[in-house]
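In what follows, a structure is listed as structure tokens, so that the remarks can point back to it.
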Amino acid sequence: MPFREGPLGDLKVPLTWTAAVALVVAAVIAVAFLLADRRETLQEQAYGVTRQTVDTVAKPVSGAIAAPGRWTGLGVDYVRSYFFTASENRRLKVEMAEMRQWRDRALALQDQNERFRSLLGLRTDPPIPMTAARVVSDSRGPFANTRLADAGSERGVEVGNPVLNERGLVGRVVGVSKGASRLLLLTDIASRTPVMIDRTNARAILTGDGGPNPKLEYLRGVDPIQQGDRVVTSGDGGVVPRGLPVGAAVKGLDGRWRVVLFADQSSIDYVRILLFKDFAQLANQKELQTHSLPPVTTEDPQASILSTPVAPAAAPPAQAPAAPATTAPKPAAAAPSTTGKPAQASSTPPAAAKPAPAPAKPAAAKPAATTEPPR
């Protein structure tokens, strides 16, 4: 049935009332929105109740309205990931390859930084100046085993300076030029290094034979070494400082004691050269030369002798030789009485010759010679 044929078909509403009702509804809605989004400060109770009411009503409504859109987005993402799995897999493989390269580089840099820290942390007791160097070439052969480092005489490197890496002793410098130095490793056949067993202080000579493990020679003592003993430099002869780590003792297949070098546990590419000449440089020579003696030993020796009570006791020994001086003239007087020749006084020893002038007075015996003519 058409609307106009119904009971309300002839109902007529004035246009003014319709506009008024619409205006009132619009005003109520506007006031509600204004109260829901107010920024100015009002009384807490009135503002709180209005805002709570609006939020309570808007929460489920906005959630229900937004739910279809959210579900639609999730569905689209799921379908997209399902259909584009192959391309995503290829992209992830490319990223993984790049990440592996960065990971390897980071590990290499980490290892290098740790080695640098170990090198910079090397300390000797007493402290010895050092200089860092990088090995630039390797010379190997059936007998020779040397390296070339990029530090030379401009850094104070001299022949004989010990060389270490972060693990232990590598060798020593055998040649120096400007900007380069040649290192003789412990495994070289010409290498001879005085060492000692850290546990027993037994001395030995570490001798290279071209192999990876140099041998220990001239061991002395009863049971001076055991398997796994730590070997360090002894400092004998002033070639290298004492206490530098060398390696661990092992027994070779030939029955001879050998050393597994600590330095071979890592690559020998970064080293530190000890600027060590001899043990005299470990002491301050200027202070040793300018140091004054204690005040007790700087007193005047004559004053100390006079102040000691021993000086009066030394007087009697001085009188002792005076007694024989008085008795010495007696034999001199006896000589002229028998021979009348005073020349015999010269035959006395030089010690008795000094008192001879005193008994010369008895020359009065010469009148006896005047009595000779009456004979």
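Numbering follows the UniProt record's numbering, in which position 272 of the sequence shown is assigned residue number 272; successive positions increment by one, without gaps. Note that CB positions come from ideal geometry on N, CA and C, so glycine has one too.
| Asked | Found |
| --- | --- |
| Span of the alpha helix (DSSP H), counted from its first residue to its last, around Leu183 | That residue, Leu183, is in no alpha helix (DSSP H); its beta strand (DSSP E) goes Ala180 to Leu185. |
| Closer than 9 Å to chain D by CB, Met96 | The question asks about chain D, but that chain is absent: this structure has only one protein chain. |
| Sequence-distant residues of its chain with Cβ nearer than 8 Å to Arg272 (five each side left out) | Leu119, Leu122, Met130, Thr131, Ala132, Ala133, Val163, Leu164 and Asn165 |
| Beta-carbon contacts of Ser234 that lie in its chain and below 7 Å, excluding the five residues immediately before and after | Pro194, Val195, Met196, Arg203 and Arg242 |
| Where the beta strand (DSSP E) through Asp138 begins and ends | Met130 to Arg140 |
| For Asn145, three-class secondary structure by DSSP | strand |
| Selection from Leu15, Gln265 and Lys178 that minimises the alpha carbon distance to Arg167 | Gln265 |
| Straight-line Cα distance separating Gly238 from Ala149 | 23 Å |
| N-terminal and C-terminal residue of the alpha helix (DSSP H) that Val86 is part of | Inspection of the sequence shows that residue 86 is occupied by Ala rather than by Val. Element bounds for Ala86: Thr85 to Leu120. |
| Beta-carbon proximity list for Val250, same chain, < 8 Å, skipping 5 on both sides | Asn213, Gln227, Gly228, Trp257, Arg258, Val259 and Val260 |
| Burial state of Phe116, where buried means 16 or more other Cβ atoms lie within 10 Å | exposed |
| Cβ distance (whole Å) where Ala263 is taken to contact Leu184 below 8 Å | In fact, because the Cβ distance is near 13 Å, the residues do not count as touching under 8 Å. |
| C-alpha gap between Thr290 and Asp278, whole angstroms | 21 Å |
| Cβ separation of Val174 and Val157, assumed to be a contact under 8 Å, to the nearest whole Å | That pair is no contact at about 11 Å. |
| The beta strand (DSSP E) enclosing Leu164, as first and last residue numbers | Pro162 to Leu164 |
| C-beta atoms of Asp222 and Asp198 nearer than 9 Å | Reading off the sequence, residue 222 comes out as Val, not Asp. The answer is no: Cβ separation not under 9 Å. |
| Coarse secondary structure for Glu158, derived from DSSP in three states | coil |
| Member of Lys178, Asn201, Ala97 and Gly247 whose CA lies at the smallest distance from the CA of Gly171 | Gly247 |
| Contact belief for Asn145 with Gly210 at Cβ below 8 Å, rounded distance in angstroms | 7 Å |
| Nearest to Glu154 (by Cα), restricted to the options Asp138, Val176, Asn161 and Val136 | Val176 |
| Close-in-space but distant-in-sequence residues of the same chain around Pro245 (CB under 7 Å, 5 per side omitted) | Gly168, Leu169, Val232 and Phe262 |
| Distance CB(Thr124)-CB(Leu219) smaller than 9 Å | no |
| Close-in-space but distant-in-sequence residues of the same chain around Ile268 (CB under 7 Å, 5 per side omitted) | Val135, Arg147, Asn165 and Val170 |
| Distance between beta carbons of Gly208 and Asp188, contact taken as under 8 Å | 5 Å |
| Exposure of Pro336, with buried meaning 16 or more beta-carbon neighbours within 10 Å | Note that Pro336 scores a pLDDT of 43, beneath 50, so its modelled location is shaky and nothing firm can be said. |
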